[in-house]
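Following: one structure in structure tokens, then a few remarks.
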Amino acid sequence: MTVSNIVHLIREQAKVAGFALKSTHTYELLASAFGQGTWASFSTQYWLTDSPDGAVGERPESTPTLVAARALQLGLEHGSAPQLGSLVLSAVQAARLGKVEKAAFDRLRLAGLRLPAGLPQSSLFISQLSAAATAGDAHAHHRLAALYRCKRPNPYLYEESLKGRQLTALETKWVDEYLVQAQHYPLYQAHLKAAAKGGVRAAALEYAEAFEDPSFFELADTLSGPVDAKRMARVATDASARHKWLRIAGQHDLEALEALASEGDVEAMQQLAIAGDTYLLRELAERALEGGQVVEAWAWQHIALKHRHDLTKSTLAARHEGGAKHGEFYDSDFGGPLFVDGEEGLDLPQLTRSQLAEAKQMAKELMAAQVVT
Numbered sequence: 029m030t031v032s033n034i035v036h037l038i039r040e041q042a043k044v045a046g047f048a049l050k051s052t053h054t055y056e057l058l059a060s061a062f063g064q065g066t067w068a069s070f071s072t073q074y075w076l077t078d079s080p081d082g083a084v085g086e087r088p089e090s091t092p093t094l095v096a097a098r099a100l101q102l103g104l105e106h107g108s109a110p111q112l113g114s115l116v117l118s119a120v121q122a123a124r125l126g127k128v129e130k131a132a133f134d135r136l137r138l139a140g141l142r143l144p145a146g147l148p149q150s151s152l153f154i155s156q157l158s159a160a161a162t163a164g165d166a167h168a169h170h171r172l173a174a175l176y177r178c179k180r181p182n183p184y185l186y187e188e189s190l191k192g193r194q195l196t197a198l199e200t201k202w203v204d205e206y207l208v209q210a211q212h213y214p215l216y217q218a219h220l221k222a223a224a225k226g227g228v229r230a231a232a233l234e235y236a237e238a239f240e241d242p243s244f245f246e247l248a249d250t251l252s253g254p255v256d257a258k259r260m261a262r263v264a265t266d267a268s269a270r271h272k273w274l275r276i277a278g279q280h281d282l283e284a285l286e287a288l289a290s291e292g293d294v295e296a297m298q299q300l301a302i303a304g305d306t307y308l309l310r311e312l313a314e315r316a317l318e319g320g321q322v323v324e325a326w327a328w329q330h331i332a333l334k335h336r337h338d339l340t341k342s343t344l345a346a347r348h349e350g351g352a353k354h355g356e357f358y359d360s361d362f363g364g365p366l367f368v369d370g371e372e373g374l375d376l377p378q379l380t381r382s383q384l385a386e387a388k389q390m391a392k393e394l395m396a397a398q399v400v401t
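Position in the sequence shown (from 1) plus 28 gives the number in the numbering used here.
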């Protein structure tokens, strides 16, 4: 089933009822059945769907009166408008037509989330995407790949059943799922590859992940367009590329910054310290002191104080070692083995008035440059 098939069907039904509808007018009436003013507006925002049980897509909410009003706008005969309105809406309902919002579908697709159930079974929906893909639309290939997305199917139970093994009800269900996936998996791979080769960066990344092909990471790395930087870092083919994509992800992602900081990236360490990481605040202050940068060390102290943490105060404390109170502050009445935990306070040298003002200004500038909170 295609959209042109639907239009032809409505025109034939109108012809039987004594009306000669143009194709262009039929498209407009079809759009009005879904509450859209024009077919151009509808086709920009939605895809048509169909299904035997009518469970795919949103049903039309218009009334015959609204479709009839559109017929009048198109200059069709005044007396025929009400009948045409009922005829078009009845045809839409009989064909179990629905609509799927393109933007919502693409948001789910790009996020790798579950798509509306039944879409792969909607021949009308598939035909629209397939036509666009055949015409060279790489994004249509990517949308089709999302419909067929699945893990590599495992044929074990299916092959066992062919050998005569009696399957349980659950195993039979798994075999049924396998038979569907066995059809979808090659379609998923083919459409995803076509989308990647067509320049869709997110498709190239997904292909690199799903089919463990590093050449598609290299392709994604050279393409432009939206892509998940953390996923790019995970599949990067070398340390340099991984670092590059972690840096990009770290502009808005705490986990990426933490990964960079664990590798000694100073900028990432600074961002986490500014956000209040007490370990890194102390680490950066100590580094500054070791390098003779006392003003910078005090700048980190000012940032620490903003987070109600004083680097000059000792955090050394005796704690219970082992037993029910392990890790708690040591209670001499309870007794038992202990260990000392914490850090000595930093010995920050006195600053002149001008140095103190410089340290406060440096702290202010560092905090103003914070990118992750």
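Cβ atoms here follow ideal geometry from the backbone N, Cα and C, with glycine treated the same way.
Exercise for review: Could you tell me whether the stretch 186-195 touches the stretch 225-232, using the rule of 3 or more Cβ pairs below 8 Å?
Suggested key: No: fewer than three Cβ pairs fall under 8 Å.
Check your understanding: Taking the alpha carbon of ALA96 as the point to measure from, which residue in LEU76, ARG87, THR72, PHE62 has its own alpha carbon closest?
Key -> Nearest neighbour of ALA96 by Cα position, chosen from LEU76, ARG87, THR72, PHE62, turns out to be PHE62.
Check your understanding: For ALA161, which of helix, strand or coil comes out of DSSP?
Key -> DSSP, read as helix, strand or coil, puts ALA161 in helix.
**Study point:** LYS127 - DSSP class collapsed to helix/strand/coil
**Key:** Three-state result, LYS127: strand.
Exercise for review: Can you tell me which of THR306, LEU195, ALA346, GLY350 puts its alpha carbon nearest to the alpha carbon of GLN329?
Suggested key: For GLN329, the nearest C-alpha among the options comes from THR306.
Point to revise | Enclosing beta strand (DSSP E) for HIS348 [first to last residue] | key: HIS348 -> beta strand (DSSP E) spans 345-348.
Point to revise | Which residues DSSP lists as bridging THR77, in chain order | key: DSSP lists GLY126 as partners of THR77.
Check your understanding: Taking C-beta to C-beta, are LEU312 and GLN298 nearer than 9 Å?
Key -> Closer than 9 Å, so yes.
Check your understanding: Cβ atoms of GLN64 and ALA131: under 9 Å apart, would you say?
Key -> No. Outside cutoff.
**Study point:** Alpha-carbon spacing of ASP241 relative to GLY253, whole angstroms
**Key:** Taking the straight line joining both Cα atoms gives about 20 Å.
Review point. Could you give the residue range of the alpha helix (DSSP H) that holds VAL228?
Key: That residue, VAL228, is in no alpha helix (DSSP H); it is neither H nor E in DSSP.
**Study point:** Sub-9 Å separation of LEU136 and LEU143 beta-carbons
**Key:** Cβ atoms of LEU136 and LEU143: closer than 9 Å.
Review point. What's the C-alpha gap between ASP256 and GLU205?
Key: Cα-Cα distance, rounded: 30 Å.
**Study point:** Rounded C-alpha distance that separates PHE70 from VAL294
**Key:** Going from the Cα of PHE70 to the Cα of VAL294 covers about 51 Å.
Exercise for review: With distances taken Cα to Cα, identify the nearest neighbour of SER290 among PHE362, ALA303, HIS271, LEU112.
Suggested key: Looking at the Cα atoms, HIS271 is the closest of the given residues.
**Study point:** GLN156 burial status per 10 Å Cβ neighbour count (16 or more: buried)
**Key:** Buried.
Check your understanding: Going by alpha carbons, who is nearest to SER32 out of TRP67, GLY46, PHE47?
Key -> Residue nearest to SER32 within the set TRP67, GLY46, PHE47 is TRP67 (criterion: CA-CA distance).
Check your understanding: Would GLY320 be called buried (16 or more neighbouring beta carbons within 10 Å of its own) or exposed?
Key -> Exposed, since its Cβ has fewer than 16 Cβ neighbours within 10 Å.
Point to revise | Run of the alpha helix (DSSP H) containing LEU288, from where it starts to where it stops | key: Here the alpha helix (DSSP H) through LEU288 covers 282-290.
Check your understanding: Roughly how many whole angstroms lie between the Cα atoms of LEU374 and PHE362?
Key -> Taking the CA atoms as reference points, LEU374 sits about 32 Å from PHE362.
Practice item. Look up GLU372 in the DSSP assignment and say whether it is helix, strand or coil. Key: Look at GLU372 here: in three-state DSSP terms it is coil, with no helix or strand label.
Check your understanding: Are there 16 or more other CB atoms within 10 angstroms of the CB of HIS106, so buried, or fewer, so exposed?
Key -> It is exposed - the Cβ of HIS106 has fewer than 16 other Cβ atoms within 10 Å.
Review point. What residues are listed by DSSP as bridge partners for PHE367?
Key: Beta-bridge pairing links PHE367 to ARG347.
Exercise for review: Answer with yes or no whether the minimum CB distance from THR72 to chain C is below 9 Å.
Suggested key: Absent from the structure: chain C. Only one protein chain is present.
Check your understanding: Can you tell me where the alpha helix (DSSP H) with ALA248 in it begins and where it stops?
Key -> Under the DSSP assignment, ALA248 falls in the alpha helix (DSSP H) whose first and last residues are 242-250.
Check your understanding: Quick one: what's got a C-beta closer than 6 Å to LEU185's C-beta in the same chain, skipping five residues either side?
Key -> If we look at LEU185 and ignore the five residues flanking it on each side, its Cβ neighbours are GLU199, TRP202, VAL203.
Review point. With 16 as the cutoff for other CB atoms within 10 Å, does ASP338 come out buried or exposed?
Key: With fewer than 16 Cβ atoms within 10 Å of its Cβ, ASP338 is classed as exposed.
Practice item. Going by CA-CA distance only, name the one from PHE367, GLY351, MET395 that's closest to LEU405. Key: As shown, the chain starts at 29 and ends at 401. That puts residue 405 outside it, with no answer to give.
Check your understanding: Does the Cβ of LEU117 have 16 or more other Cβ atoms within 10 Å, making it buried, or fewer, making it exposed?
Key -> Looking at its Cβ environment, which holds 16 or more other Cβ atoms inside 10 Å, LEU117 is buried.
**Study point:** Cα-Cα separation between ALA248 and ALA269, rounded to whole angstroms
**Key:** Cα to Cα, ALA248 sits roughly 12 Å from ALA269.
Review point. How many angstroms separate the CA atom of HIS36 from the CA atom of GLN121?
Key: In a straight line, the C-alpha of HIS36 is about 16 Å away from that of GLN121.
Check your understanding: What is the residue span of the alpha helix (DSSP H) that GLU86 lies within?
Key -> Per DSSP, GLU86 belongs to no alpha helix (DSSP H) and is neither H nor E.
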